[in-house]
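Each residue of the sequence shown is one higher than the one before, starting from 281 at the first, in the working numbering.
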Amino acid sequence: QGPATKCDAGSYQFAPPVITGISPNHGVSGTAVTINGYGFVFLSLTFGAAKPGFGVSGDTKITVHAPATSSTKTVTITITNVDGQATTSFTVQK
């Protein structure tokens, strides 16, 4: 992400989001999960099959709470912006 090459002055090019870390990577339902990276603008987020509410701090940090589950399982967190998506996993413990 950043200034574009071969574009009008002041234009920007965008890229899919990038996840650089997740903390913690496991926990019970309701655990606050922080996802770090960049490209977190104009996005959607799914946490397994759930579409939870989440908070974005700038375009580099997202905080979301682990959804309820009937059993311990690893779920995929998918972050999507207009240019693509990034995924990471989280283990929800019962």
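For every residue, glycine included, the Cβ atom is placed at its ideal position computed from N, Cα and C.
Whole beta strand (DSSP E) elements within the region 325–360, 3-residue minimum: Listed in chain order, the beta strand (DSSP E) elements of length 3 or more contained wholly in the region 325–360 are 334–337, 341–345.
Give me, in chain order, the residues of the same chain whose beta-carbon lies closer than 8 Å to that of D339; leave out the 5 immediate sequence neighbours on both sides. The residues are Y318, G319, F320, V321.
Would you give the residue range spanned by the beta strand (DSSP E) that F370 belongs to? Annotation for F370: the continuous beta strand (DSSP E) segment containing it runs 364–373.
Closer than 8 Å: A366 CB and nearest the ligand SAM heavy atom: Absence of the ligand SAM from the depicted structure is noted, as is the absence of any ligand whatsoever, leaving it without description.
Given a threshold of 16 other Cβ atoms within 10 Å of its Cβ, counted over all protein chains shown, does A295 qualify as buried or as exposed? Burial call: exposed.
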